[in-house]
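**Student:** Numbering (the numbering used here), first residue to last: 2 to 327. Where is the CB? At the ideal position from N, CA and C, for every residue including glycine. These numbers come from a predicted model, not from an experiment.
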C-alpha cells in the first residue's frame with residue numbers, strides 16, 4: 002500500500018510566448034484553472050500506475066475545493082482521508098512558455114493546516130514494507146513527524162524535496178528514499194554541480210554518509226539513482242515537450258508504484274522516466290499523467306507512440322501488451 006501525505010491545489014495557469022524576466026510584464030495567450038498540488042498529482046500518478054493509494058490532505062471551504070478534487074474523484078481515488086477546513090484551498094500560480102518551461106508560485110492555504118491528526122491518519126493501518134510518500138508543500142514540522150513515525154513502524158518513506166526550502170537538508174536525512182531534480186539535488190549536495198561527473202561524485206558522497214537511495218531526475222537526459230552503493234542511469238523517452246508541469250510528480254508517483262509492485266530500483270527508475278517523459282506531451286498537471294498501459298507500451302517499443310505535440314496518448318496505439326500480473 003502507498004499513502005501520500007501532501008498538498009491539494011487549484012492551479013491558475015497562464016501561457017505566454019516566453020517566461021518574463023524579473024520586473025517584466027509579458028502578454029499572455031491564454032489562462033485557465035486546473036487541479037493540482039504535488040500530493041494530489043503524485044497520488045493520481047500512483048493510481049494511474051495501477052497501485053492502491055490513499056491521499057491524506059485538505060481543501061478549504063471555498064469555490065476552489067470542488068474543482069481541486071474533480072479529477073481525483075473522476076479517477077476513483079480514495080479521498081476518505083481528505084479533510085475540508087476553514088479558509089482557502091491551496092493554489093499555484095503557473096506561467097508556461099512556448100518551450101514548455103514554467104515558473105510557479107505556491108500559496109499553501111488549507112495545505113498549511115495539515116496537523117498531527119493527519120500524520121496519524123497517514124500511517125493508520127500501515128504495515129511493515131508499506132510506503133509513505135511526501136513532498137515539501139506542507140509544514141516541515143509535519144513532514145518531520147511523519148518521517149519519524151514511519152521509521153518507527155518500519156514503513157518505507159519517499160521524500161520528493163520539491164519545492165526545495167531551507168528545511169530540505171534536515172528532512173532529507175530522515176527519509177529512506179529521496180527524489181530531487183537537478184537544482185534541488187545541488188541544494189542537497191550543498192555545492193554547485195557543473196555536469197554529470199559532479200552529480201555522480203555528489204551522489205556517492207551523500208550515499209556514503211547516509212546510505213539512502215537517492216534519485217535525481219535529469220529532464221531530457223533521463224534519471225539516475227544510487228542504491229546499495231550502485232549507480233543506476235536510465236534514459237528519458239525522446240519527446241517534443243509542450244508542458245513540463247506535472248512531469249516530476251508523474252515520475253515520483255510511478256516510481257513509488259513500480260517499487261511497491263516489484264521492489265526493483267532499476268525497473269522503477271526506467272518506467273518512471275518514461276512516464277515523466279510522456280507527461281510532457283500533454284497539457285495540465287493531472288490530465289497529462291499517462292495510464293500504465295501506455296507507459297508499458299513505450300517501455301516495450303519506444304517507437305510505438307506519436308510522441309509530439311498533441312500526442313493524445315489516452316487512446317490505444319499499441320498492439321503488444323506486457324505480461325505483468327503484478
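So, does the CB of residue 291 fall closer than 7 angstroms to a CB anywhere in chain D?
**Tutor:** The structure shown contains no chain D; it holds only a single protein chain.
**Student:** Is it true that the CB of residue 240 sits closer than 7 angstroms to the CB of residue 286?
**Tutor:** As a position in the chain shown, residue 286 is number 285, starting the count at 1. As a position in the chain shown, residue 240 is number 239, starting the count at 1. No, the pair does not count as a contact, with Cβ atoms beyond the cut-off.
**Student:** Can you check whether the CB of residue 216 is closer than 7 angstroms to the CB of residue 203?
**Tutor:** In the chain shown, counting from the first residue as 1, residue 203 sits at position 202. In the chain shown, counting from the first residue as 1, residue 216 sits at position 215. No, the Cβ-Cβ distance between residue 203 and residue 216 is not below 7 angstroms.
**Student:** Could you check how far apart the C-beta atoms of residue 61 and residue 88 are, in whole angstroms? I think they sit under 8 angstroms.
**Tutor:** Position 60 of the chain shown, counted from the start, is the residue given in the question as residue 61. Position 87 of the chain shown, counted from the start, is the residue given in the question as residue 88. Contact holds; Cβ gap of about 5 angstroms.
**Student:** Can you have a look at residue 67 and say buried or exposed, based on whether 16 or more other CB atoms are within 10 angstroms of its CB?
**Tutor:** Walking along the chain shown from the start, residue 67 turns up at place 66. That one is exposed.
**Student:** Is it right to say residue 52 is buried, meaning 16 or more other beta carbons lie within 10 angstroms of its own, or is it exposed?
**Tutor:** In the chain shown, the residue the question calls residue 52 occupies position 51. When all chains shown are included, residue 52 counts as buried.
**Student:** Let me make sure I understand the geometry here. Which of 210, 231, 279 and 200 has the alpha-carbon closest to that of residue 237?
**Tutor:** The residue you call residue 237 lines up with position 236 of the chain shown. For residue 237, the nearest C-alpha among the options comes from 279.
**Student:** My assumption, with CB atoms under 8 angstroms, is that residue 144 sits in contact with residue 172. Please give the rounded CB distance.
**Tutor:** Stepping through the chain shown from its first residue, residue 144 is reached at position 143. Stepping through the chain shown from its first residue, residue 172 is reached at position 171. That pair is a contact at about 5 angstroms.
**Student:** Looking only at its own chain, which residues have a Cβ that is under 6 angstroms from the Cβ of residue 106, when we skip the five neighbours before and after it?
**Tutor:** For the purposes of this step, residue 106 is taken as the residue at position 105 of the chain shown. Result list for residue 106: 94, in chain order.
**Student:** Per DSSP, what kind of secondary structure is residue 310 in: helix, strand or coil?
**Tutor:** In the chain shown, the residue the question calls residue 310 occupies position 309. Its pLDDT being 38, under 50, residue 310 is placed unreliably in this model, and the value from its coordinates should be taken loosely. Coil at residue 310, not helix or strand.
**Student:** Let's see if you can read the secondary structure: which residues bound the beta strand (DSSP E) around residue 32?
**Tutor:** As a working note, residue 32 is residue 31 in the chain shown. Its beta strand (DSSP E) spans residues 29-37.
**Student:** Quick check on DSSP: helix, strand or coil for residue 184?
**Tutor:** Walking along the chain shown from the start, residue 184 turns up at place 183. Of the three classes helix, strand and coil, the one that applies to residue 184 here is helix, per DSSP.
**Student:** Along the chain, where does the alpha helix (DSSP H) that runs through residue 250 open and close?
**Tutor:** As a first step, residue 250 is located in the chain shown; it is residue number 249 there, counting from the start. It spans 248-263 - the alpha helix (DSSP H) in which residue 250 sits, taken as one unbroken run.
**Student:** Determine whether the beta carbon atoms of residue 250 and residue 132 lie at a separation below 7 angstroms.
**Tutor:** As a first step, residue 250 must be located in the chain shown, where it is residue number 249. As a first step, residue 132 must be located in the chain shown, where it is residue number 131. Contact: no.
**Student:** Can you give me the C-alpha to C-alpha distance between residue 57 and residue 122, rounded to a whole angstrom?
**Tutor:** Start at 1 with the first residue of the chain shown, and residue 57 comes out as number 56. Start at 1 with the first residue of the chain shown, and residue 122 comes out as number 121. C-alpha separation (whole angstroms): 7 angstroms.
**Student:** Whole angstroms is fine: what's the gap from residue 44's alpha carbon to residue 154's?
**Tutor:** On the chain shown, position 43 is the one that residue 44 refers to. On the chain shown, position 153 is the one that residue 154 refers to. The alpha-carbon atoms of residue 44 and residue 154 are separated by roughly 21 angstroms.
**Student:** Going by DSSP, what residues sit across from residue 2 in a beta bridge?
**Tutor:** Here residue 2 corresponds to residue number 1 of the chain shown, with the count starting at 1. Note: residue 2 sits in no beta bridge, so no partner.
**Student:** Got a sec? Which residues, its chain only, sit under 7 angstroms from residue 257 by beta carbon, not counting five neighbours each side?
**Tutor:** Taking the first residue of the chain shown as position 1, residue 257 is located at position 256. Closer than 7 angstroms at the Cβ level, and outside the excluded window around residue 257, lie 3, 47, 132, 134 and 159.
**Student:** Report back the beta-carbon spacing between residue 6 and residue 40 to the nearest angstrom; my notes put them in contact at under 8 angstroms.
**Tutor:** Here residue 6 refers to the residue found at position 5 when the chain shown is read from its first residue. Here residue 40 refers to the residue found at position 39 when the chain shown is read from its first residue. Yes, they are in contact, since the Cβ atoms of residue 6 and residue 40 sit about 7 angstroms apart, within 8 angstroms.
**Student:** Which residues bound the alpha helix (DSSP H) around residue 198?
**Tutor:** Indexing the chain shown from 1 puts residue 198 at position 197. Looking at the DSSP string, the run of the alpha helix (DSSP H) that includes residue 198 is 197-211.
**Student:** Can you tell which of 103, 128 and 156 has its C-alpha closest to the C-alpha of residue 243?
**Tutor:** For the purposes of this step, residue 243 is taken as the residue at position 242 of the chain shown. The shortest Cα separation from residue 243 among 103, 128 and 156 belongs to 103.
**Student:** I'd like to know if the region 109-129 and the region 79-87 are in contact, where contact means that at least 3 CB-CB pairs between them fall below 8 angstroms.
**Tutor:** Taking 8 angstroms as the limit for Cβ pairs, the verdict is that the region 79-87 does touch the region 109-129.
**Student:** Just list the beta strand (DSSP E) runs in the region 126-199, keeping only unbroken ones of 3 residues or longer that don't cross its boundaries, in chain order.
**Tutor:** Correct list: 132-135, 157-161 and 178-182.
**Student:** Whose C-alpha, out of 206, 284 and 201, is nearest the C-alpha of residue 224?
**Tutor:** Mapped onto the chain shown, residue 224 falls at position 223. When only C-alpha atoms are compared, the closest one is 201.
**Student:** Can you tell me whether residue 8 is helix, strand or coil according to DSSP?
**Tutor:** Locating residue 8 in the chain shown gives position 7, where the first residue counts as 1. Reduced to three states, the DSSP call for residue 8 is coil.
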